[in-house]
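*Asks:*
In the working numbering, the protein residues as written are 97 to 553.
The structure is reproduced here in structure tokens:
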């Protein structure tokens with residue numbers, strides 16, 4: 097069958113957007129819409145034609161299980177095995193610490209912060225404290241205020257030796273042991289790490305802690321749909337099945353578009369991103385999120401895109417921003433500074449607008465435009481105005497609008513970004529699953545820690 101690479105209509109069909117929970121519009125990335133800094137149709141069409149065989153390779157990888165993260169959306173047995181563990185944490189604890197860094201924590205944090213905290217499921221579940229950094233000021237105050245008879249801990253490190261995660265765990269363990277006997281630890285601490293000999297697994301054995309296997313074939317930044325993201329999700333009261341169903345819907349739609357890659361939103365996103373990089377030397381990709389609930393999703397995406405594609409002198413730097421606040425801090429640069437950026441404007445639905453402004457309070461004529469308008473109206477107007485202004489200045493803008501923010505739509509959008517990243521890597525000729533350049537820095541961290549010496553204070 098001949099591949100259809102027509103570029104006349106690349107935006108998500110409204111019915112499909114409703115099904116998936118999000119839609120993508122790329123018209124403001126194209127030269128015929130925004131002028132010479134947009135992507136030419138000829139370049140876009142060529143890249144899309146190359147993504148048809150790339151999608152075939154993805155489907156083959158799925159069938160042969162050579163990219164294990166593609167199999168996770170359809171899996172259910174692992175969730176059944178995690179359910180009693182999650183139930184134990186829900187019944188026993190008021191707080192749960194999730195220790196990890198990078199891909200071991202950013203995905204679960206994105207899902208947790210998306211949640212509606214006022215829903216009964218979330219309110220009745222423990223509060224998750226998803227630790228992503230090792231700032232000593234914040235860390236010390238966190239661990240000292242928790243009641244460890246009512247606090248569970250999940251420790252996540254794929255390698256079992258991640259310096260930041262081991263520092264977190266080895267720092268909190270003495271504090272826990274001040275309150276609990278060693279033989280009580282197994283009821284409140286669960287470890288997730290890959291099979292084999294590693295420091296974390298060895299420490300777990302010392303205290304008889306339960307250990308869940310992290311699939312060694314699934315890299316951290318692609319692990320959100322695995323036990324790494326799903327156990328915290330289940331503990332928090334979110335529906336892990338719905339998350340995976342959303343991801344599966346995107347995967348199914350991508351495989352159905354092998355001969356028509358222009359119908360696959362992830363393929364279109366990859367072609368736009370790589371095309372702008374090549375044609376116009378775009379150096380940065382700005383994700384501007386118009387919802388605080390989507391902020392951690394943008395931070396998760398930042399690692400996914402940067403670590404997967406920044407190789408061999410290639411890649412675009414992902415920049416995270418929040419609207420409307422960053423209109424007051426960065427928009428001047430975006431409009432009048434170097435034209436080396438593309439923008440993804442990410443918006444949520446107007447389902448919680450807030451209260452309309454009372455006319456009696458805004459009786460100054462200069463505030464008349466606000467009467468009857470809500471905070472949701474302001475957010476929506478800011479998003480639309482900023483995107484339109486960027487496009488009028490010839491800046492390429494991709495629009496992603498979520499028709500709802502829930503487990504299914506988040507699973508769908510996360511799979512979209514994972515597929516988009518892998519497809520972009522295919523176009524760029526880089527391996528999206530390794531990160532060879534960072535090892536030198538890790539070695540230096542261990543060296544400097546060793547040189548500092550010291551020991552317990």
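Just so you know, even glycine gets a beta-carbon here, dropped at the ideal spot from N, CA and C.
#1: To which residues of the same chain is residue 107 closer than 6 Å at the C-beta, ignoring the five residues directly before and after it?
#2: With three or more C-beta pairs closer than 8 Å as the rule, is the segment 383-395 touching the segment 517-528?
#3: Bridge partners of residue 443, per DSSP?
#4: What's the C-alpha gap between residue 326 and residue 416?
#5: Throw me the rounded Cβ distance for the residue 168 and residue 322 pair, which I believe falls under 8 Å.
#6: Report the residue from 445, 249, 278 whose alpha carbon sits nearest the alpha carbon of residue 480.
#7: Reducing DSSP to helix, strand and coil, say where residue 372 ends up.
#8: Quickly, what does DSSP pair residue 225 with across the bridge? List them, please.
#9: Just to confirm, are residue 365 and residue 497 a CB contact at a threshold of 7 Å?
#10: Answer with buried or exposed for residue 542, where buried requires no fewer than 16 other C-beta atoms within 10 angstroms of its C-beta.
#11: Curious, which full-length alpha helix (DSSP H) runs of at least 4 residues does the segment 126-199 contain?
#12: Among 260, 136, 280, which residue has its Cα nearest to the Cα of residue 246?
#13: Is the beta carbon of residue 71 less than 7 Å from the beta carbon of residue 164?
#14: Looking at C-beta atoms only, is the number of pairs between the segment 332-347 and the segment 506-515 that lie closer than 8 Å three or more?
#15: Quick check on DSSP: helix, strand or coil for residue 378?
#16: What do you reckon, are the CB atoms on residue 244 and residue 287 nearer than 7 Å?
#17: If you draw a straight line from the C-alpha of residue 330 to the C-alpha of residue 290, how long is it?
#18: Look at residue 378 and residue 436 and say whether their C-beta atoms are less than 7 Å apart.
#19: Quick one, which of 534, 422, 239, 501 has its alpha-carbon nearest residue 227's?
#20: Mind listing, in chain order, the continuous alpha helix (DSSP H) runs of no fewer than 4 residues lying wholly within the segment 466-552?
#21: Between residue 270 and residue 211, what straight-line distance do the alpha-carbon atoms span, to the nearest angstrom?
#22: Which residue or residues does DSSP assign as beta-bridge partners of residue 416?
#23: Can you tell me where the alpha helix (DSSP H) holding residue 208 begins and where it ends?
*Replies:* So, from the data block:
#1: 121
#2: no
#3: 386, 497
#4: If I take the Cα positions, the gap works out to 25 Å.
#5: Distance from residue 168 to residue 322 at the Cβ level is roughly 6 Å; contact confirmed, criterion being Cβ atoms closer than 8 Å.
#6: Of the candidates 445, 249, 278, the one whose C-alpha sits nearest the C-alpha of residue 480 is 445.
#7: Helix.
#8: 193
#9: no
#10: Classification of residue 542: exposed, given that the 10 Å Cβ count is below 16.
#11: Entirely contained in the segment 126-199, the alpha helix (DSSP H) runs reaching 4 residues are, in chain order, 127-130, 137-160, 173-188.
#12: 280
#13: In the structure displayed, the chain extends from 97 to 553; residue 71 sits before or after that span and is not available.
#14: yes
#15: Here residue 378 sits in coil by DSSP.
#16: no
#17: 21 Å
#18: yes
#19: 239
#20: 471-488, 503-524, 535-548
#21: A straight-line Cα-Cα distance of about 32 Å links residue 270 and residue 211.
#22: 383
#23: 202-210
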